[in-house]
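**Student:** Residue numbers (the numbering used here): 4 to 252.
Take a look at this one; I'll ask things after.
Dropping the structure here:
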């Protein structure tokens, strides 16, 4: 999935470091802050069109993250590669999977979040002519059916109420990921796993969570990223164990 010509482009060029927001990722405080303020930093990400101009192989960009991808992000965030890998493994599973099929990212459609945001978007129109992606089965098919059905009524609201990619970032957090709209956020999520990793990097920078990763404070990171139930689900201990394993490689 290495992007041809990408070596000259660093995450430092993709990020504008933002201030911290003291609230949990899935918590109500984060959502209310997002809705009430325009002061959230808007980092400038390399555009999808620019990726195309670099000659990215259409058939390769959906493949798993490369060692170079991990190193690129880790160096710019000033964290260890093992730290980034630990978070990816726990959030995305050991397969570190961001896509169910080329161009079809892993998603979780949340009806309660959709109902919350459908009347708060700038455009409440439904999408026309969309159909469920072919080739999906099981859970993937179920989630995409629900998303496409909701999109037919309110496309932006449906995208806002869905959790996207290997890091399961809610569409309502698009500004915190440096995107100008939820539509841009979705396009980036559907572009490549490297793009998903870059969106995650911007997100944890703008929310101040990257500091917890630098200190390897897994409890602090999991509390904000996974919410108040992080301890009962063992997110912090799982990340710590994954980090210990990767740091020995």
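Even for Gly, the Cβ is constructed at its ideal location relative to N, Cα and C.
Computed from a predicted model, the values in this text were never measured in an experiment.
Can you tell me where the beta strand (DSSP E) holding residue 102 begins and where it ends?
**Tutor:** Within the chain shown, residue 102 is the residue found at index 99, counting from 1. Counting along the chain, the unbroken beta strand (DSSP E) around residue 102 starts and ends at 102 to 104.
**Student:** Do the segment 98 to 106 and the segment 128 to 139 meet, that is, are 3 or more Cβ pairs less than 8 Å apart?
**Tutor:** The segment 98 to 106 vs the segment 128 to 139: in contact.
**Student:** Residue range of the alpha helix (DSSP H) that residue 162 falls in?
**Tutor:** Counting from one through the chain shown, the residue named residue 162 turns up at place 159. It spans 158 to 163 - the alpha helix (DSSP H) in which residue 162 sits, taken as one unbroken run.
**Student:** Just the Cα atoms here: how many angstroms apart are residue 172 and residue 79?
**Tutor:** Taking the chain shown and counting its residues from 1, the one referred to as residue 172 is at position 169. Taking the chain shown and counting its residues from 1, the one referred to as residue 79 is at position 76. So the two alpha carbons sit approximately 21 Å from each other.
**Student:** Taking DSSP's pairing of strands, which residues face residue 111 in a bridge?
**Tutor:** In the chain shown, residue 111 corresponds to position 108, counting from 1. Bridge partners of residue 111: 166.
**Student:** Return yes when at least one heavy atom of the ligand ADP lies under 8 Å from the C-beta of residue 109, else no.
**Tutor:** The model depicted lacks the ligand ADP and carries no ligand whatsoever.
**Student:** Where do the N-terminal and C-terminal ends of the alpha helix (DSSP H) with residue 247 fall, by residue?
**Tutor:** Indexing the chain shown from 1 puts residue 247 at position 244. Per DSSP, residue 247 belongs to the alpha helix (DSSP H) from 238 to 250.
**Student:** How many Å lie between residue 75 and residue 197 at the Cα?
**Tutor:** Residue numbering aside, residue 75 sits at position 72 when the chain shown is read from its first letter. Residue numbering aside, residue 197 sits at position 194 when the chain shown is read from its first letter. A straight line joining the alpha-carbon of residue 75 with that of residue 197 spans about 10 Å.
**Student:** My understanding is that residue 164 touches residue 112, with C-beta atoms under 8 Å, so please give their C-beta distance in whole angstroms.
**Tutor:** Start at 1 with the first residue of the chain shown, and residue 164 comes out as number 161. Start at 1 with the first residue of the chain shown, and residue 112 comes out as number 109. The pair is a contact, with the Cβ atoms about 7 Å apart (cut-off 8 Å).
**Student:** Keeping to the same chain, check which residues put their C-beta closer than 7 Å to that of residue 158; ignore five residues upstream and five downstream.
**Tutor:** Residue numbering aside, residue 158 sits at position 155 when the chain shown is read from its first letter. Counting only Cβ-Cβ distances below 7 Å, and skipping sequence neighbours, we find 128, 129 and 130.
**Student:** What's the C-alpha gap between residue 147 and residue 166?
**Tutor:** As a working mapping, residue 147 is identified with position 144 in the chain shown. As a working mapping, residue 166 is identified with position 163 in the chain shown. Computed Cα separation, rounded: 12 Å.
**Student:** Under 8 Å: do the segment 236 to 252 and the segment 213 to 224 share three or more Cβ pairs, one atom per stretch?
**Tutor:** yes
**Student:** Mapping the DSSP letters down to three states, classify residue 141 as helix, strand or coil.
**Tutor:** As a first step, residue 141 must be located in the chain shown, where it is residue number 138. Correct three-state label for residue 141: helix.
**Student:** Compute the Euclidean distance between the alpha carbons of residue 143 and residue 98, then round it to the nearest angstrom.
**Tutor:** Along the chain shown, one-based indexing puts residue 143 at 140. Along the chain shown, one-based indexing puts residue 98 at 95. Residue 143 and residue 98: Cα-Cα distance of roughly 16 Å.
**Student:** Who are residue 173's beta bridge partners in DSSP?
**Tutor:** Position 170 of the chain shown, counting from 1, holds the residue named residue 173. In DSSP, residue 173 forms a bridge with 166.
**Student:** Can you tell me where the alpha helix (DSSP H) holding residue 204 begins and where it ends?
**Tutor:** By one-based count along the chain shown, residue 204 stands at place 201. Where residue 204 is concerned, the enclosing alpha helix (DSSP H) stretches over 196 to 209.
**Student:** Applying the 10 Å Cβ sphere with the 16-neighbour rule, what's the burial state of residue 70?
**Tutor:** The count along the chain shown starts at 1 and reaches residue 70 at position 67. Result: exposed.
**Student:** Put residue 99 into one of helix, strand or coil per three-state DSSP.
**Tutor:** Residue numbering aside, residue 99 sits at position 96 when the chain shown is read from its first letter. Note: residue 99 maps to coil in three-state DSSP.
**Student:** Who are the near neighbours of residue 236 in its chain, counting only those whose CB is closer than 8 Å to its CB and skipping five residues on each side?
**Tutor:** In the chain shown, the residue the question calls residue 236 occupies position 233. Cβ within range, chain order: 229.
**Student:** Is it buried or exposed for residue 126, if we count other Cβ within 10 angstroms and need 16 for buried?
**Tutor:** By one-based count along the chain shown, residue 126 stands at place 123. By the 10 Å Cβ count, residue 126 comes out exposed.
**Student:** Out of 68, 77, 93 and 87, which one is the CA nearest neighbour of residue 240?
**Tutor:** Sequence index remark: in the chain shown, residue 240 carries index 237 (1-based). The option with the nearest alpha carbon to residue 240 is 93.
**Student:** Is it right to say residue 150 is buried, meaning 16 or more other beta carbons lie within 10 angstroms of its own, or is it exposed?
**Tutor:** Reading the chain shown from its first residue, position 147 is the one you call residue 150. That one is buried.
**Student:** Excluding the five sequence neighbours on either side, which residues of its own chain have a C-beta within less than 6 Å of the C-beta of residue 215, listed in chain order?
**Tutor:** The residue labelled residue 215 in the question sits at position 212 within the chain shown. Contacts found: 223 and 224.
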